[in-house]
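*Asks:*
Residue numbers (UniProt numbering), protein chains in the order written: chain A, 1 to 398; chain B, 1 to 398; chain C, 1 to 398; chain D, 1 to 398.
(1) Can you give me the start and stop residues for the beta strand (DSSP E) that residue 286 of chain B sits inside?
(2) For residue 271 of chain A, name the three-state secondary structure that DSSP assigns.
(3) Looking at the C-beta of residue 100 of chain C, does it have a partner C-beta in chain D at a distance below 7 Å?
(4) Run through the stretch 126-172 of chain D for me and flag every whole alpha helix (DSSP H) of 4 or more residues, listed as ranges in chain order.
(5) Among residues of its own chain, excluding the 5 on either side of residue 24 of chain A, which ones have a beta-carbon nearer than 7 Å to its beta-carbon?
(6) Which residues, taken in chain order from the stretch 276-295 of chain D, show a beta carbon closer than 9 Å to some beta carbon of chain A?
(7) Whose Cβ in chain D lies nearer than 7 Å to the Cβ of residue 36 of chain C?
(8) Give every residue of the same chain whose Cβ lies closer than 8 Å to the Cβ of residue 140 of chain B, excluding the five residues on either side of it in the sequence, and list them in chain order.
(9) Measuring only between beta-carbons, confirm whether residue 202 of chain B sits less than 7 Å from chain A.
(10) Would you give the residue range spanned by the alpha helix (DSSP H) that residue 19 of chain D belongs to?
(11) Just reading off the beta strand (DSSP E) that residue 327 of chain C is part of, what are its end residues?
(12) Who are the neighbours of residue 413 of chain A on chain D, taking C-beta pairs under 7 Å?
(13) Should residue 249 of chain A be labelled buried (16 or more other beta-carbon atoms within 10 Å of its own) or exposed?
(14) Are there 16 or more other CB atoms within 10 angstroms of the CB of residue 399 of chain C, so buried, or fewer, so exposed?
(15) List the endpoints of the continuous beta strand (DSSP E) containing residue 223 of chain D.
(16) Mind checking who residue 80 of chain B pairs with in its DSSP beta bridge?
(17) Can you pull the chain C neighbours of residue 156 of chain D, defined as C-beta to C-beta under 9 Å?
(18) Taking all protein chains shown into account, decide if residue 36 of chain A is buried (16 or more other Cβ within 10 angstroms of its Cβ) or exposed.
(19) Buried or exposed: residue 1 of chain A, going by 16 or more other Cβ atoms within 10 Å of its Cβ?
(20) Go ahead and pull the three-state DSSP assignment for residue 336 of chain C.
(21) For residue 258 of chain D, which residues of its own chain have a beta-carbon under 7 Å away from its beta-carbon, when the five flanking residues on both sides are left out?
(22) Assign residue 323 of chain B to one of three DSSP states: helix, strand, or coil.
(23) Look at the alpha carbon of residue 7 of chain B and the alpha carbon of residue 313 of chain B, and state the distance between them as a whole number of angstroms.
(24) Please check if any C-beta of chain B sits within less than 7 Å of the C-beta of residue 162 of chain A.
(25) Do you know whose CA, among C:214, C:213, C:302 and C:53, lies nearest residue 109 of chain C's CA?
(26) Let me see if you follow: with CB-CB separation under 7 Å, is residue 207 of chain B close to chain F or not?
(27) Do you know offhand how far residue 4 of chain A's Cα is from residue 236 of chain D's?
(28) Do the stretch 293-304 of chain D and the stretch 327-334 of chain D touch if we need at least three Cβ pairs shorter than 8 Å?
(29) When the Cα of residue 283 of chain D is compared with those of D:247, D:355 and D:173, which residue comes out closest?
(30) Would you list the one or two residues that DSSP bridges to residue 260 of chain A?
(31) If you count every other CB in all the chains shown that lies within 10 Å of the CB of residue 51 of chain B, and 16 or more means buried, which is it?
(32) DSSP on residue 391 of chain B, reduced to helix/strand/coil?
(33) For the beta strand (DSSP E) holding residue 247 of chain C, just list the boundary residues, first then last.
(34) In chain C, which residues lie less than 9 Å from residue 77 of chain D when you measure between Cβ atoms?
(35) Give me, in chain order, the residues of the same chain whose beta-carbon lies closer than 8 Å to that of residue 234 of chain D; leave out the 5 immediate sequence neighbours on both sides.
(36) Three or more beta-carbon pairs under 8 Å between the stretch 262-271 of chain A and the stretch 199-218 of chain A, yes or no?
This is the structure we're talking about:
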């Protein structure tokens, strides 16, 4: 998972980074009670406690067991309880049953984290390049779970009729203003990661693609623009929707983004700070790919492909490429030409999900700072709505 | 819900009884962590925290709001969150979503209980007959939920691969020995409740029934007898089963009672004390009506009707009528002739469930002492297995 | 299945009766195209062609194979295709897949019927008492399927937006007039079959029951009365319904009996003659037990038990006991005291369905004349609506 | 739907082609009984009779109604019954209920076809360019349904335990021999349709793509190769499968291609000629994308993208590009850059299905001759198995 030129940080720096990432997870769970941490609101989501334990299991399984001589696992059963989907790492607890694990309780999971952290400190005194690379992967992995922890708990809290806030002081991003259409690069371009530094396997190899002429919006679609779509009947016109999307819309009774609800005629949105009036200047989020696609058709435009998005990501004038909302693209999540998954057990990390999902680009306000760059490929099924997912428009140049 | 001759206890005695029942609930939840208390393991079960809050809501709704002048509800939203199924009491939270209520947390529910208890102490200074009667109902209601709380948490803990014990010191009942067949009363008998003292509406009115000659077993079927049924292929012979039961068996992959699992060739049972070897001398439990019915056919016998059971319940030699396991009968749960539900909102208590369920008689080791007598009618759908449900055999006299 | 005193008809008379019953089936299918005969509109229903073949299979399996020396089955595969649910008769085709059997086609099934009829004529030259008894059962069985054939094809045709008529000349029964409440017999009564003549095992043994004082309506509830229930909001008031019924109503979006639809403000009913205005004077039909029960509660009455119904069936003034609509009772379908299923393979006929169903009494306009008498027990799950099922009211005498 | 240079055939030639395509449909249904034609074996499949009527509806709706003055529809209700999914053409019958339409019967649908054919002959005396273009689309549409009619009836017949043959004389393709890996074109290529002649909108516009170096197999994977995959445990190793595919495999209990069954230790395949031994020399078919993908991984290769497939389709040495089996590609079905659906009601033809499906290329032995060329894009969800779908391998050049 490490490109050839990776400059492994010396052990001390790596340990500092390890501790920082781990502490960030703890900060994220600090506002949550033990009860908040145990529930699983749907099979796609996981309990906060599980996220805390699973990220710890990752280090125990792929670092401590094979690489720290004499390491004794905290508790053998955790290998079963906290494996997510690694077939090569043995059998595991059924995903939809994660919310039934009341024991070990939160405190015990905290002890698990502490014990693994202590052993990791040991291991990181003189890490080999392989260990360093795996630690880096484990940290990126934990960062991914930090975002999921937030979206999952937001979903769980949204099902509570009391609509409790995750963090009343949560700050929303600044508005990015009205969008214009920018000319994107065309012809043969290169996309994907190369060169030094960590990269996920799915970002590689860097390769050539051909882009026909297109334009891309300078900013994501806003809540205000989405309201116009709603008010013009966008959720009720089958001709705007993919056939499968129209069925999903009907089955889910969608008439607005997820987490929106109407109170006394006004739309409110449930977010980490609780239930607040929808701000028309902010980017819309919590929409499925189906909705993004229908919106784009209504607007006479389309979603960019991921190659277009990546090639345009550094264009002057393009705003909020990262750090605000994930942006659905028109590209299915498939391997790049020449793709090869990592060797060993971590080879299951990305490759086996490359079907039935659409690529999102950018990163959201819930993505850990520095985690997602312009080549980063996020992916979810087209009906997923509980992520911080929005869209940016594109169009063909005739 | 009170038969004419009820001698209402004076307020002080009633308050003492109130406090005792309420305290028993608290003792039952004492071994449970906050996480244990929030989970809902299936739509039929409820979280322990919900049981604690719902029983409190019952007093608040049917006693304090209408009868305590100036009473101010602890929190208006609780009326929505903790109503179980009373249509007349307004809208309510969807039953399968009870496990999503992480807030109010356990501590807040404890405060809710304390606040209602304080107000109840106020109300019970000089209770009217109507208030006293409703309080008695509320206490019986809470006792019913005490048993459900136990069976529900047992089910939740059983889904944890760690098989944690609810209470390692839980004591099982004594064995009741080998059963013989006793002649039951025949001809016209009277069943149902009459006379002074509390009675549930479904136990009334006392009425006549005609019993053809029959015999009834002096003791419930034991684990050892059940093992013989299993070993002779009872779970694999469709001719022993009701058609619907055979389908349920297949869908659920039943091959033993619920909570049984085989370890190294030996059957273990999961109970409140954790996972223990199955004791062949103890009554079998955690079986569905379908299984009880198939067993009886295999044994060349049948289940008693509820009238037979009740008429025979005081026969000399009949053991473990109450307090050990609930005993499935051959009777569907339907109203007695002349039945009329209680007036007012509590009229929904029993009547609306009188379809699709079978009657169980007796009471189990989880039933609060004194709660269930010989006329008591418990009821569950024929596929339910998570209660402490066993069986007692009967047979026709040719 | 034969009570001791049965006077077996001589072979010739039995053959004549055999041919008459078989011919009646053919007349019922005459209006149906090959396409009409192959479809299965829901798992509970069966194709007309299947009914024709299955009733033939019954004679082949229980009469010809064991009792006619040298008989060679028409086609071995039919034993698999046309067994309904007899475990003892070997494996069988999955019930929900019956509509996939396009081959053998209708003509081949006609040939199957003819071949079995010819062999039966042979067998019936000198039938033993056992054979005669089984033939009688086979004919009663075929009569039962005649009614099912009609209700099943009516359901299938009702799903066709063209609403094609089964038989445009079908005649509805005469109206039976306004109902009064009649005093029923009380105290110890005898119900069930005894004495000579054919009886289904589920009607036996005749036994005593005790009836508390009650009254029973002289006629079934009419469409006009049902409309009053609808207009007064009966389908929208949860307090009138069993909890399970209220859920079924919601899931099925019931707002009127099955096969009713509103056209230009008027209610039309789809019946064998096609879509016709609902006649307020005729008995209501195509209602579930849940609806019947809710109606009775709305009317301040209740459903009679089957013992009450049977004891009252010959009361002077009681009309339309049989031959118009099946009448839901308040009794769950359970074995009579002393019940014992028939010996041998036909023992699966009735006994294994004695759970989860409610008893209907009477017989409908689709029941073959003479088939169902006052002791006849029909049974369906409480949510079933596609039979010709209505209700007759009863009430307690205080 | 017509590229600019289309030379519209004169009316007479078009009419001749019209009659030929229509007659081919009739020949395909000739072996089917009325019963065969009415059944719908799963929601994804349609009855043969429906295919015959729907293709006729297409001409009636898009040609006769708008373009033949004075045309009177055969029956107004057919607009509802036989519309497939065209929202702009009005409401339609629910897809999963197509198998309930026993009336109109086969003969009536034959009359519908004849009446529309007669009117079409009228219209085609002097067709405008628009009419000619729409007729050509209607014929291509009917050709597509010809293949579906075959795959759908094959599926329906496969559910019959008698395994009846569609056409005992059906001829399988010739074996294409052992595959070698051929170098594919690399760099900037052009794919998609341009220039004269009919093209589906989804094949356009012709555009540039960039291909990294790759090789492609000269022939499809054979049954013999597939057996080797099966025997080496391919269906049991999760590391070969996409996560979603592994779940589909488990849910469907897949252990071989669809329509394969083992008899006395040998694999038989059910095809149009009935149940026959699997011929190891022939291309494998009736596999899902998931299986194709797993096979490719097992073989150390991958599926080609659709651009690779198209660019390589005319390579010397490449065999069975068309006419034998459809070949799953690694490409999700998405619009080409610059894609724009046809104007008007036929705009729903392809565009709204461009999500959740994978592209297949080539055409099968069931595809009408001449229908599918090298730019033709077929598409099905990754779990679909009832089409004549196989695969051709590809690999990266390092």
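Where a beta carbon is used, it is the ideal one built from N, C-alpha and C, also for glycine.
Given the structure is predicted, the values throughout are model-derived calculations rather than measurements.
*Replies:* A quick look at the data gives this:
(1) As a working note, residue 286 of chain B is residue 286 in the second chain. Residue 286 of chain B -> no beta strand (DSSP E), and no H or E assigned at all.
(2) As a first step, residue 271 of chain A must be located in the first chain, where it is residue number 271. Residue state, collapsed to three classes: strand.
(3) Mapped onto the third chain, residue 100 of chain C falls at position 100. With 7 Å as the cut-off, residue 100 of chain C counts as an interface residue toward chain D.
(4) 129-158
(5) Mapped onto the first chain, residue 24 of chain A falls at position 24. Cβ neighbours of residue 24 of chain A beyond the five flanking positions: 146 and 368.
(6) 289, 290 and 293
(7) For the purposes of this step, residue 36 of chain C is taken as the residue at position 36 of the third chain. Within chain D, the residues near residue 36 of chain C are 102.
(8) By one-based count along the second chain, residue 140 of chain B stands at place 140. Answer for residue 140 of chain B: 198, 200 and 371, listed in chain order.
(9) Taking the first residue of the second chain as 1, we reach residue 202 of chain B at position 202. No - not a single Cβ of chain A is within 7 Å of the one on residue 202 of chain B.
(10) Position 19 of the fourth chain, counting from 1, holds the residue named residue 19 of chain D. That run of the alpha helix (DSSP H) goes 11-29.
(11) As a working note, residue 327 of chain C is residue 327 in the third chain. Per DSSP, residue 327 of chain C belongs to the beta strand (DSSP E) from 326-332.
(12) Since the first residue of chain A shown is 1 and the last is 398, residue 413 of chain A is not available in this structure.
(13) In the first chain, the residue the question calls residue 249 of chain A occupies position 249. Buried, because 16 or more other Cβ atoms sit within 10 Å of the Cβ of residue 249 of chain A.
(14) Residue numbering for chain C in the displayed model covers 1 to 398; residue 399 of chain C lies beyond these limits and cannot be assessed.
(15) Along the fourth chain, read from residue 1 onward, the residue named residue 223 of chain D stands at position 223. From DSSP, residue 223 of chain D is part of no beta strand (DSSP E) but of the alpha helix (DSSP H) over 223-231.
(16) Indexing the second chain from 1 puts residue 80 of chain B at position 80. Per DSSP, none; premise fails for residue 80 of chain B.
(17) Residue mapping note: residue 156 of chain D aligns to position 156 of the fourth chain, counting from 1. In chain order: 100 and 102.
(18) To locate residue 36 of chain A, count along the first chain from 1; it is residue 36. It is buried - the Cβ of residue 36 of chain A has at least 16 other Cβ atoms within 10 Å.
(19) Translated into positions along the first chain, residue 1 of chain A becomes position 1. Note on residue 1 of chain A: pLDDT 38, under 50, position unreliable in the model; the coordinate value appears next. Buried, because 16 or more other Cβ atoms sit within 10 Å of the Cβ of residue 1 of chain A.
(20) Counting from one through the third chain, the residue named residue 336 of chain C turns up at place 336. Three-state result, residue 336 of chain C: coil.
(21) Position 258 of the fourth chain, counting from 1, holds the residue named residue 258 of chain D. Excluding residues within five positions, the ones whose Cβ falls inside 7 Å are 286, 385 and 386.
(22) As a working mapping, residue 323 of chain B is identified with position 323 in the second chain. In the structure shown, residue 323 of chain B sits in coil (DSSP, three-state: anything other than H, G, I, E or B).
(23) In the second chain, counting from the first residue as 1, residue 7 of chain B sits at position 7. In the second chain, counting from the first residue as 1, residue 313 of chain B sits at position 313. Residue confidence is low: residue 7 of chain B scores 49 on pLDDT, short of 50, so the model does not pin down where it sits. Its coordinate-derived value is still stated next. When rounded, the distance between both Cα atoms is 26 Å.
(24) Here the question's residue 162 of chain A lines up with position 162 in the first chain. Yes, residue 162 of chain A counts as interfacial toward chain B.
(25) The residue given as residue 109 of chain C occupies position 109 in the third chain. With distances taken between Cα atoms, residue 109 of chain C lies closest to C:53.
(26) Protein chains A, B, C and D are contained in the structure displayed, whereas chain F is not.
(27) Taking the first residue of the first chain as position 1, residue 4 of chain A is located at position 4. Taking the first residue of the fourth chain as position 1, residue 236 of chain D is located at position 236. Note that residue 4 of chain A scores 33 on pLDDT, short of 50, meaning its location in the model is unreliable; the coordinates nonetheless yield the value given after this. For residue 4 of chain A and residue 236 of chain D, the distance between alpha carbons rounds to 35 Å.
(28) yes
(29) To locate residue 283 of chain D, count along the fourth chain from 1; it is residue 283. Measuring from the Cα of residue 283 of chain D, the nearest candidate turns out to be D:173.
(30) The count along the first chain starts at 1 and reaches residue 260 of chain A at position 260. Residue 260 of chain A pairs with A:269.
(31) Counted from its first residue, the second chain places residue 51 of chain B at position 51. Label assigned to residue 51 of chain B: buried.
(32) Stepping through the second chain from its first residue, residue 391 of chain B is reached at position 391. Residue 391 of chain B falls in the strand class under three-state DSSP.
(33) By 1-based counting over the third chain, the position of residue 247 of chain C is 247. No beta strand (DSSP E) holds residue 247 of chain C; the alpha helix (DSSP H) holding it covers 243-252.
(34) Counting from one through the fourth chain, the residue named residue 77 of chain D turns up at place 77. Near residue 77 of chain D (Cβ distances below 9 Å), the residues of chain C are 161 and 162.
(35) Residue mapping note: residue 234 of chain D aligns to position 234 of the fourth chain, counting from 1. Excluding sequence neighbours, residue 234 of chain D sits near 240, 294, 295 and 298.
(36) no
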